[in-house]
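For the protein sequence lines, the chains are A and B, in the order given.
The first sequence begins at 112 in my numbering and counts up by one.
The second sequence begins at 40 in my numbering and counts up by one.
By construction, the Cβ of each residue, glycine as well, lies at the ideal position given by its N, Cα and C atoms.
Bear in mind the structure is a predicted one, so any value in this text is a computation, not a measurement.
Structure, as structure tokens:
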Amino acid sequence: MSADRALTLVTGCFLTLMLLYFVLLLIQRCWKVFPLFKINYTIRQSVRICLTLLILAGYAGFGYRYFVRHYKRSERIMLKAEEYVKSKEWEKVLTYTSHYWRSGRTNQLIAYFYHLALYHTGQLPYRLLDFPQVMGVKSLYFPWNSDSRESEYGHFLYEELGYINEAQRWEFEAMVVWGETAPHLLNLARYNILNSRPLVAQRFINKLKQSLFYRKEALELEKRLNDKQLPGMKNALSKVQEEPARFANVLNIGPELEYLCQQDTTHRMAFEYLMSQLLLSNHIPRFVENLQKFRHLAPTPLPQTYEEALYIYKLGVSEEEFARTGFTVRPETERRFKRYYELAKNKKMQALQAEFGKTYWFYLNYISPYGNKVITR
Amino acid sequence: MNIRHLIACMLFFYMYGCTSYHHSDKRLQTTPAIYPDYSAVTFPPNIAPPNFIIREEADAYQTEIGIKDEPGEILIHHTEPLVRIPEKKWRTLMKKAAGKEIYFRISLDKNNEWTEYAAIENKISIHPIDPYLVYRLLYPGYELWNEMGIYQRNLTNYKQTPVAENRDFGKQCINCHTFHQNSPDKMMMHVRGKQGGTLIYREGQVKKVNPNLPGHKYGATYPAWHPSGRYIAFSANEIQQFFHASGQKPIEVADLGADLVIYDVEKHQTYTDSLVCGNQYMETFPTWSPDGKTLYFCRAQGYRQGMPLDSLRYDLCRVQFDAENQKLHTLECVYQASASGHSVSFPRVSPNGEWLMFTQSDYGNFSIWHPESDLYLLNLTNEKVRNINEVNSENVESFHTWSSTGHWFVFSSKRLDGLWARPYFAAFDPETGEAGKPFLLPQKDPRFYDTFTYTFNLPELIKAPIKNGREFVKTIVQP
Numbered sequence: 112m113s114a115d116r117a118l119t120l121v122t123g124c125f126l127t128l129m130l131l132y133f134v135l136l137l138i139q140r141c142w143k144v145f146p147l148f149k150i151n152y153t154i155r156q157s158v159r160i161c162l163t164l165l166i167l168a169g170y171a172g173f174g175y176r177y178f179v180r181h182y183k184r185s186e187r188i189m190l191k192a193e194e195y196v197k198s199k200e201w202e203k204v205l206t207y208t209s210h211y212w213r214s215g216r217t218n219q220l221i222a223y224f225y226h227l228a229l230y231h232t233g234q235l236p237y238r239l240l241d242f243p244q245v246m247g248v249k250s251l252y253f254p255w256n257s258d259s260r261e262s263e264y265g266h267f268l269y270e271e272l273g274y275i276n277e278a279q280r281w282e283f284e285a286m287v288v289w290g291e292t293a294p295h296l297l298n299l300a301r302y303n304i305l306n307s308r309p310l311v312a313q314r315f316i317n318k319l320k321q322s323l324f325y326r327k328e329a330l331e332l333e334k335r336l337n338d339k340q341l342p343g344m345k346n347a348l349s350k351v352q353e354e355p356a357r358f359a360n361v362l363n364i365g366p367e368l369e370y371l372c373q374q375d376t377t378h379r380m381a382f383e384y385l386m387s388q389l390l391l392s393n394h395i396p397r398f399v400e401n402l403q404k405f406r407h408l409a410p411t412p413l414p415q416t417y418e419e420a421l422y423i424y425k426l427g428v429s430e431e432e433f434a435r436t437g438f439t440v441r442p443e444t445e446r447r448f449k450r451y452y453e454l455a456k457n458k459k460m461q462a463l464q465a466e467f468g469k470t471y472w473f474y475l476n477y478i479s480p481y482g483n484k485v486i487t488r
Numbered sequence: 040m041n042i043r044h045l046i047a048c049m050l051f052f053y054m055y056g057c058t059s060y061h062h063s064d065k066r067l068q069t070t071p072a073i074y075p076d077y078s079a080v081t082f083p084p085n086i087a088p089p090n091f092i093i094r095e096e097a098d099a100y101q102t103e104i105g106i107k108d109e110p111g112e113i114l115i116h117h118t119e120p121l122v123r124i125p126e127k128k129w130r131t132l133m134k135k136a137a138g139k140e141i142y143f144r145i146s147l148d149k150n151n152e153w154t155e156y157a158a159i160e161n162k163i164s165i166h167p168i169d170p171y172l173v174y175r176l177l178y179p180g181y182e183l184w185n186e187m188g189i190y191q192r193n194l195t196n197y198k199q200t201p202v203a204e205n206r207d208f209g210k211q212c213i214n215c216h217t218f219h220q221n222s223p224d225k226m227m228m229h230v231r232g233k234q235g236g237t238l239i240y241r242e243g244q245v246k247k248v249n250p251n252l253p254g255h256k257y258g259a260t261y262p263a264w265h266p267s268g269r270y271i272a273f274s275a276n277e278i279q280q281f282f283h284a285s286g287q288k289p290i291e292v293a294d295l296g297a298d299l300v301i302y303d304v305e306k307h308q309t310y311t312d313s314l315v316c317g318n319q320y321m322e323t324f325p326t327w328s329p330d331g332k333t334l335y336f337c338r339a340q341g342y343r344q345g346m347p348l349d350s351l352r353y354d355l356c357r358v359q360f361d362a363e364n365q366k367l368h369t370l371e372c373v374y375q376a377s378a379s380g381h382s383v384s385f386p387r388v389s390p391n392g393e394w395l396m397f398t399q400s401d402y403g404n405f406s407i408w409h410p411e412s413d414l415y416l417l418n419l420t421n422e423k424v425r426n427i428n429e430v431n432s433e434n435v436e437s438f439h440t441w442s443s444t445g446h447w448f449v450f451s452s453k454r455l456d457g458l459w460a461r462p463y464f465a466a467f468d469p470e471t472g473e474a475g476k477p478f479l480l481p482q483k484d485p486r487f488y489d490t491f492t493y494t495f496n497l498p499e500l501i502k503a504p505i506k507n508g509r510e511f512v513k514t515i516v517q518p
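Written out as structure tokens, the structure is:
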């Protein structure tokens with residue numbers, strides 16, 4: 112049973128009781144008018160009060176039990192996480208999504224929100240493997256599957272990345288499926304302002320101006336119609352001239368992240384997502400190649416996960432080739448790998464998981480949905 | 040004073056207020072800005088009143104409408120800048136005004152001073168337009184769809200009625216409504232989905248058929264009725280959407296393969312010819328000449344893996360059709376748009392067979408997503424091509440169809456905002472090939488387009504209303 116439905120029943124019962132109460136109140140008022148109601152009490156007042164209290168206690172008890180049994184906490188977490196993603200309260204998003212992951216469950220939407228929050232709190236490269244990434248790259252984004260349910264969520268990531276054409280596409284698809292709700296219209300108005308399409312934005316604003324609760328926001332947006340920018344939002348590709356035309360890869364975000372990094376060499380979010388995407392998809396040589404290319408965006412010292420992947424790369428190439436990358440692997444990391452290898456060789460899985468469950472080595476060997484081999488192509 | 044007197048007094052003041060003419064204190068030489076732009080356009084005599092908004096600030100507004108050099112026949116007063124022309128009075132005026140010019144004389148009251156602007160003048164053609172417009176309404180979206188439908192609008196008033204709405208058949212996609220010579224007596228449409236198929240209405244019956252060529256890779260897509268009503272030429276396309284990473288063009292819709300086939304609606308047989316079928320070229324958007332002897336279409340080099348989509352350019356070609364033997368022969372290129380870096384789509388031959396209108400864009404064939412796309416006219420007598428500047432705008436002009444007489448055509452334009460296509464009508468002189476300034480489909484509330492978020496897809500003019508919408512729906516859902 113969905114959270115909404117569970118709540119509907121509880122609140123529905125409450126409202127029914129309220130209604131009954133008002134009916135009784137009305138009858139009480141008509142007591143003297145209609146002789147039909149002139150029935151003598153046969154029960155004492157104290158007993159009547161006790162009976163009423165008993166019924167109320169019964170209702171409360173039943174309501175509580177019913178609510179606890181039927182209410183889906185996971186759904187509440189998702190709703191709350193979405194609410195905080197919308198309000199960009201990333202610490203709260205982390206709290207809710209971590210709570211979900213910690214319970215041992217996996218959910219693409221939760222993972223998607225979790226990574227957004229990790230990035231915004233500056234922890235993506237450090238805590239990427241805190242939870243088992245059984246979904247691989249799908250925990251980072253929604254590949255376009257023409258799925259109406261998913262269409263509601265894709266725009267969050269693209270908006271944060273400043274990839275406005277894709278954000279607009281996802282949001283428009285969501286509006287087509289879920290209707291012209293104010294949040295969709297607001298986002299579409301914003302994206303079209305950022306994309307220098309004020310006349311299109313104006314249409315969405317016109318609709319919002321007719322609403323009761325969003326009129327003010329619509330008027331604010333209308334003032335900025337020709338600004339081409341909005342506070343807290345960016346269009347990372349606003350200066351790009353498409354020649355020849357470039358089309359988005361809607362199934363794999365990797366090329367898009369690389370493109371964003373190339374177009375905006377200061378785009379840290381695109382960089383961190385690109386690194387995460389390449390790591391989670393076992394593409395270690397491409398990870399190293401891009402780490403080299405966008406070195407200026409990488410944190411120093413390198414996050415442990417990056418270094419673990421670098422070490423795997425190092426093991427697969429000659430010393431000269433590795434030296435050409437310009438990266439070094441700390442002796443501490445090499446020592447840890449030896450320990451990891453020892454445990455893995457002796458099949459001490461419990462110890463391995465306890466000690467190295469959050470390492471890239473463990474992900475690559477035991478969790479990655481793309482197998483335990485490095486993908487080189 | 041009793042209530043009857045009071046009502047009588049109120050009525051008197053109301054009537055007086057409605058009809059009294061305000062003489063101007065000042066006259067301007069400029070015309071006022073109005074929206075939609077109904078100035079210097081040519082209207083058909085049977086069009087619904089073109090209501091509009093005066094885009095000038097004032098305390099009160101007065102609009103006088105009449106025939107040029109004659110006293111005004113309609114007087115409208117309002118405190119709002121909306122001009123809603125009374126339908127009956129408009130119709131009376133139109134009866135007298137056919138072949139003449141009419142004016143909208145607008146005066147504004149600012150601080151108790153009336154200013155009269157120069158009159159806005161429009162022509163009224165002697166040729167009525169086909170009274171119904173059929174279009175599909177849907178969101179101008181990407182891949183997903185929800186509610187959509189095919190509707191018909193009575194152009195002589197504002198009444199829109201649904202022909203088929205997909206909410207009645209599981210929200211499947213309905214598209215490509217096409218008529219035989221602007222008549223609802225022979226028409227077809229496609230349905231895509233679990234109950235999909237091609238619906239053909241002829242001889243009073245709707246039938247769901249499968250016009251796909253057996254063994255052919257692609258399904259029948261864009262149709263064109265042969266003038267005899269016996270055949271429908273289809274292009275069979277493999278269509279895919281691509282999404283621009285940046286810039287203001289959101290989508291590119293491209294063919295990855297396309298051929299032409301001909302469907303015999305009597306024998307329910309489909310055939311093709313190697314002239315218009317094969318991997319070397321992609322052929323699409325067929326259309327017949329009025330004598331049924333020539334099939335025009337657009338043709339580009341066949342798509343190969345890795346080919347840039349903006350290198351796909353379509354030329355205008357034609358092939359001869361021998362209806363007796365059902366044979367295609369003698370193919371030739373009529374207009375090689377690709378040679379000048381352009382691409383042709385939606386060719387349509389005028390009813391008199393002398394003109395061919397098409398859309399030209401920089402590349403591809405789905406011109407509705409190309410802001411640079413414009414309408415062009417090919418003179419079939421001397422084969423000269425010209426941009427129909429008089430109807431084009433800075434934004435998209437794309438799909439178009441002729442009226443049954445050839446004195447009018449309707450086309451989709453995104454000139455209002457760049458995203459939503461709206462139907463515009465233009466007068467056409469079949470003798471000279473000149474078009475009048477186009478006008479937007481009038482609406483009862485002139486603010487209609489400000490908040491209407493559906494796009495008008497495939498506007499087609501027809502001579503009479505479609506009366507069998509329910510039969511279409513029944514045929515779709517029947518097992």
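Around the CB of A:His-295, 16 or more other CB atoms lie within 10 Å, so the residue is classed as buried.
Under the three-state reduction of DSSP, B:Tyr-240 is assigned to strand. Residue-level contact by beta carbon holds for A:Asn-276 and chain B, with a gap shorter than 8 Å. Secondary structure at A:His-210: helix, using DSSP grouped into helix, strand and coil. Counting only runs of 3 or more residues that sit fully inside the segment 375–424 of chain B, the beta strand (DSSP E) segments are 382–388, 394–400, 413–418, in chain order. Going by C-alpha positions, A:Lys-456 is about 10 Å away from A:Arg-450. The DSSP-derived three-state label of A:Tyr-132 is helix. A residue is called buried once 16 or more other Cβ atoms fall within 10 Å of its Cβ, and A:Gly-273 is buried on that count. When A:Pro-342, A:Leu-305, A:Asn-363 are compared, the shortest CA-CA separation from A:Lys-350 is found for A:Leu-305.
Here the C-alpha atom of A:Phe-125 lies approximately 10 Å from the C-alpha atom of A:Leu-131.
Boundaries of the beta strand (DSSP E) harbouring B:Trp-327: 320–327, taken from the DSSP string. Judged by DSSP secondary structure, B:Leu-114 falls within the beta strand (DSSP E) whose first and last residues are 111–117. Beta-bridge pairing by DSSP links B:Met-227 to B:Thr-217, B:Ile-239.
Listed in chain order, the non-local C-beta contacts of A:Asp-375 below 6 Å within the same chain comprise Ala-347, local neighbours out to five positions each way being set aside.
Among the residues of chain A, those whose CB is under 8 Å from the CB of B:Ala-284 are Tyr-274, Asn-276, Glu-277, Leu-348, Val-351, Glu-353, Arg-357, Phe-358, Ala-359, Glu-367, Tyr-370, following chain order. Counting C-beta pairs with one atom in each stretch, the segment 474–485 of chain B and the segment 72–88 of chain B have three or more that are closer than 8 Å, which means they touch.
With 16 or more other Cβ atoms inside 10 Å of its own Cβ, B:Pro-179 counts as buried. Between the alpha carbons of A:Ala-462 and A:Lys-469 lies a distance of about 12 Å. Under the Cβ criterion of 8 Å, B:Gln-287 is counted among the residues facing chain A. Taking B:Ser-412 as reference, the option from B:Val-388, B:Glu-126, B:Ser-437, B:Ile-427 with the minimal CA-CA separation is B:Ser-437. The closest CA to that of A:Met-460, considering only A:Phe-448, A:Arg-447, A:Tyr-477, A:Ser-322, is found on A:Tyr-477. In this structure, DSSP gives B:Pro-266 a state outside helix and strand, which the three-state scheme calls coil.
Against chain B, the beta carbon of A:Asn-317 has neighbours under 8 Å at Asp-489, Thr-490, listed in chain order. The Cβ of A:Arg-308 sits closer than 8 Å to at least one Cβ of chain B. For A:Glu-261, no chain B residue has a Cβ inside 8 Å of its Cβ, as the nearest lies near 10 Å away. When CB distances to chain B are screened at a threshold of 8 Å, the residues of the segment 293–308 of chain A falling below it are Asn-306, Ser-307, Arg-308, in chain order.
The beta carbon of A:Tyr-264 sits closer than 7 Å to the beta carbons of Leu-220, Tyr-223, Phe-253 from its chain, once the five residues preceding and following it are set aside; these are given in chain order. Residues of chain A whose Cβ lies closer than 7 Å to the Cβ of B:Trp-184 are, in chain order, Val-287. The three-state reading of DSSP puts B:Ser-452 in strand, counting E and B together. Residue environment for B:Ser-379: exposed (fewer than 16 other C-beta atoms within 10 angstroms of its C-beta).
Secondary structure note for A:Gly-427: its alpha helix (DSSP H) is the uninterrupted segment 415–427. For A:Trp-289, the enclosing alpha helix (DSSP H) starts and ends at 275–289. Here A:Asn-317 is near B:Asp-489, since their CB atoms are less than 8 Å apart. For B:Phe-281, a Cβ of chain A is located within less than 8 Å of the residue's own Cβ. Contact annotation: the segment 303–318 of chain B does not touch the segment 377–395 of chain A, with fewer than three C-beta pairs closer than 8 Å. If you check each beta-carbon in the segment 443–460 of chain B against every beta-carbon of chain A, the ones closer than 8 Å belong to Leu-455, Asp-456, Gly-457, Leu-458, Trp-459.
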